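Chains as they are written, first to last, in our numbering: chain A, 1 to 322; chain B, 1001 to 1040; chain C, 2001 to 2296. What follows is a single structure, written as structure tokens, with notes after it.
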Amino acid sequence: VDDDIYKHDPITQQQILTARPWKSDNKHFKDVRMSALALLKIQMHAGSEVKPGMVPLEVMGMLQGKLDGNTIIVTDSFALPIPAGTDRGAAHVNPGQEAFEYMVQYTELIKDVGKAENVVGWYHSHPGYGCWLSGIDVSTQRTQQQFSDPFLAVVVDPVRSIGAGKVEIGAFRTFPEGYANNATASEWQSVPSDRIEDFGVHANCYYQLEMSFYKSSLDAKLLDLQWRKYWVNTLAASPLTNNRDYITSQISDVAEKMEKAEGEMGHGRYAGMNLVQADKRKKEEDSQLSKVTRDTNKVTIEVLHGLSRQVLKAALFNAPAP
Amino acid sequence: ALLRMILSLCHKLPAMDSEKFNLSYQNEYHDTLLISYLGT
Amino acid sequence: QEESTAIREKLADLYQEEENWKQCAMTLIGIPLDSGSRALNEEYKLGHYVRIAQLFLEDDDHIQAETYINKCLPLVHSGIDPVLNLKYKACFARIQDCQRKFFEAATRYYELSQLVADDEQTAELALQSATVCTILSPAGPKRSRLLATLHKDERTNKLGPLYNVLEKMHMDRILRPEEVNQLREYLKPHHEAILADGQTVLERAVTQHNLLAASNLYYNITFGELGALLGISAEKAEQIASRMIAEERMQGSIDQIESLIQFQNVSGVMTQWDEQISSACSFVSRICDEVIKKHP
């Protein structure tokens, strides 16, 4: 709980905006602190387009907040109207003209109601395929960082949030075009095979920031009042049942990746190759297979989590009366 | 009144005890174990 | 032909003033539209056929009206006069209403109510017709969606008793006979027609709705009880239920030996389990609150 963070000092903010330290250091911003309110609104907005038996749709919105040294503080968020029929199938969601107009109007109107925080970024969802930036996302974010810095990109995965039992969310900033980022390989990500190209090609164009969350004492009180609803719904939830489509898509994705890995191994074995190449190929196959193995472990562990909840519930509520 | 409430709570348990439920539960259980077996 | 057409149109106007709809229509039908000598524009033809269809509708002859509204089909396109377009749509909706295609008629009436939104009175009339036809249309998923659309439309809550029935149907609640009787003032003669099974259109629609509402309330029920709940005999309840299941407008299975209907609760047994657990946990919470209240 942190109430001081809610105090807004426009002079300090203006000084930071004038100094623009991020211009000289591409990795100036290292942390993000997001309010519980913003997190809830983002998760609910993203989750609103995930309906059982229907293809989940991407959503998009803006972040409001302020700066504090190397930290971007996100205090609130607001959804953007994405016109129905917008191409939302690929790993990007393009705001229509309507969304931009809405954003401009919103940022003007909030000043009238005394909300002093500026827009400090945008968020969008990748339902079911993890938190990273696609090619389109990278170029959108780069443009924003060029003209509207400081600007943060947040990606949330509402489908995996249900599977993992916690909000799958990531915050990113891009490097300028041509910046040679000798990044350490980003930690392993389970990315569906139909998006792996998009993920691989751009992985070095951006970096991930550490995320932490805060809430006000009022938020804490309101969330406590929700405690009963929370624990009743948690005990009465069946992720295995609710997440059936997602688990199926994960299993079919693992199967596809295994086919690919097997194909490459088979191909390498029969085509004549010299020793050096064999060694290189061996490494490649291992990395292919090891990625598939990690994806499989992830799915298996999530599914076993779901099952263990069912077994606990059966033990708690179905055990014959003593 | 409190005791009556507690008594009616006891009547709510076990939460479900029908042939159909046991079948569905076992199905889900076996599906999950099969997935973990496949994963292994 | 020009003179003959002019005389006929004048005569038709006179018949219309006398409200002699049939004669008026017959007079207009005598005007040749497709003879080679006169080149008539499509809009004139469309207006002519729509007027004849309207006259037959006034004369409660929806079969003839349909004949002439079908002649309009090749003439209708986006560029026609908006007023004529509205008349055409209104005619079409009324014909479907008379043919007891209530779901299609309701959809068209609702579309009309949005097209004439600036003319409050006409819009209200179209909305009222849309609501009545939705209530009369066969219970099932399609009707539920239309009920939800009408219920969300803030104009409907000015429809008085009609809105009450609309809201209860949307909420899947059972309709009481007194609520159904309030509907009668909104019905047209053909809505009160007696069907082959001896029920009126309204009674059949209400019975089917109540049956669907009962399927949300009970996991299973005997036909005797169900008949008592619906105000019909056990046999009739079984007949209507079996037809709705066969038409996939209701999920369930019938055990004729036991004279029992088992409603197939779509949500499935695992979801019911979660609901049971949720209610048990909420109960624990309530008991804890009571204990804390008595022994702080």
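C-beta: ideal position from N, C-alpha, C; glycine also. All values derive from a computational prediction rather than experimental measurement.
**OP:** Output the distance between the C-alpha atoms of C:H2209 and A:T107, rounded to the nearest integer angstrom.
**Re:** 49 angstroms
**OP:** Measure from the alpha carbon of A:N26 to the alpha carbon of each residue in A:F151, A:N318, A:Y123, then state which is nearest.
**Re:** A:F151
Subject >> At least three beta-carbon pairs within less than 8 angstroms, the stretch 2252 to 2259 of chain C to the stretch 203 to 215 of chain A >> reply: no
Subject >> Within 8 angstroms, strictly: CB atoms of C:C2281 and A:L235 >> reply: yes
Original post:
Got a sec: which bits of the stretch 1020 to 1040 of chain B sit with their beta carbon under 7 angstroms from any beta carbon on chain A, in order along the chain?
Top reply: Y1025, E1028, Y1029, T1032, I1035, S1036, G1039
Original post:
Hey, quick one: how far does the beta strand (DSSP E) through A:W231 stretch, first residue to last?
Top reply: Note, A:W231: premise wrong, no beta strand (DSSP E); alpha helix (DSSP H) at 227 to 235.
Original post:
Between the stretch 2071 to 2083 of chain C and the stretch 2095 to 2102 of chain C, are three or more C-beta pairs nearer than 8 angstroms?
Top reply: no
Original post:
Using 8 angstroms as the limit for Cβ to Cβ distance, is B:A1001 near chain A?
Top reply: no
**OP:** Take A:K23 as the anchor and find which of A:N70, A:G130, A:T12 has the nearest alpha-carbon.
**Re:** A:N70
Original post:
Smallest Cα separation from A:V32: which of A:V254, A:I73, A:T143, A:L109?
Top reply: A:I73
Subject >> Rounded separation between A:G128 and A:V156 - CA only >> reply: 10 angstroms
**OP:** Flag this pair as yes or no: are the beta carbons of A:P158 and A:G47 separated by less than 8 angstroms?
**Re:** yes
Original post:
So which of C:K2142, C:R2173, C:M2171, C:Q2128 has the shortest CA-CA distance to C:N2157?
Top reply: C:Q2128
Subject >> Separation of A:E58 from A:A90, as counted between CA atoms >> reply: With a pLDDT of 41 at A:A90, under the threshold of 50, the predicted position of this residue should be treated as unreliable, though the coordinate-derived value follows. Answer to the nearest angstrom: the Cα atoms are 9 angstroms apart.
**OP:** Rank A:Q144, A:L218, A:I301, A:D68 by C-alpha distance to the C-alpha of A:D2 and give the top, closest one.
**Re:** A:L218
Original post:
C:L2150 to C:K2089, Cα distance in whole Å?
Top reply: 19 angstroms
Original post:
Can you give, in chain order, each stretch of the alpha helix (DSSP H) that sits fully within the stretch 2042 to 2100 of chain C and has at least 4 residues?
Top reply: 2042 to 2058, 2062 to 2072, 2082 to 2098
Original post:
What are the boundary residues of the alpha helix (DSSP H) that C:F2103 is part of?
Top reply: 2102 to 2115
**OP:** Compute the distance between the beta-carbons of B:E1028 and C:M2270, then report whether it is under 8 angstroms.
**Re:** yes
**OP:** Please name the residue or residues paired with A:M60 in a DSSP beta bridge.
**Re:** A:H124
Original post:
Under the rule that 16 or more other beta-carbon atoms within 10 Å means buried, what is A:H92, buried or exposed?
Top reply: Any answer about A:H92 is weak, because its pLDDT of 47 lies below 50 and its placement is not dependable; what the coordinates show is given next. Buried.
Original post:
Since A:Y6 is in the beta strand (DSSP E), which residue starts that stretch and which ends it?
Top reply: That residue, A:Y6, is in no beta strand (DSSP E); it is neither H nor E in DSSP.
Subject >> Separation of B:C1010 from C:V2291, as counted between CA atoms >> reply: 17 angstroms
**OP:** Under the assumption that C:N2220 contacts C:L2260 (Cβ atoms under 8 angstroms), give the Cβ distance between them as a whole number of angstroms.
**Re:** 6 angstroms
Subject >> Terminal residues of the alpha helix (DSSP H) in which B:D1031 lies >> reply: 1019 to 1039
Original post:
So is C:M2270 in contact with chain A if we call contact Cβ pairs under 8 angstroms?
Top reply: yes
Original post:
Which residues does DSSP pair with A:A153 in a beta bridge?
Top reply: A:W122, A:F172
**OP:** Scan the stretch 2279 to 2296 of chain C for residues whose Cβ lies nearer than 7 angstroms to a Cβ of chain A and list them as they occur along the chain.
**Re:** A2280, C2281, S2282, S2285
Original post:
Out of C:C2288, C:K2294, C:I2277, which has the shortest C-alpha to C-alpha gap to A:R309?
Top reply: C:I2277
**OP:** Using the Cα positions of C:W2273 and A:N233, report the straight-line distance between them to the nearest angstrom.
**Re:** 13 angstroms
Subject >> DSSP state of A:Y206 mapped onto helix, strand, coil >> reply: strand
Original post:
Hey, C:E2086 and C:L2112 are a contact pair by Cβ (cut 8 angstroms); roughly how many whole angstroms apart?
Top reply: Note that residue 2086 of chain C is Leu in the sequence shown here, rather than Glu. That pair is a contact at about 7 angstroms.
Subject >> Cα-Cα separation, A:H4 to A:K115 >> reply: Before going further, note that residue 4 of chain A is Asp rather than His in the sequence given. Whole-angstrom Cα-Cα distance: 16 angstroms.
Original post:
Hey, is A:L63's beta-carbon within less than 8 angstroms of any beta-carbon in chain C?
Top reply: no
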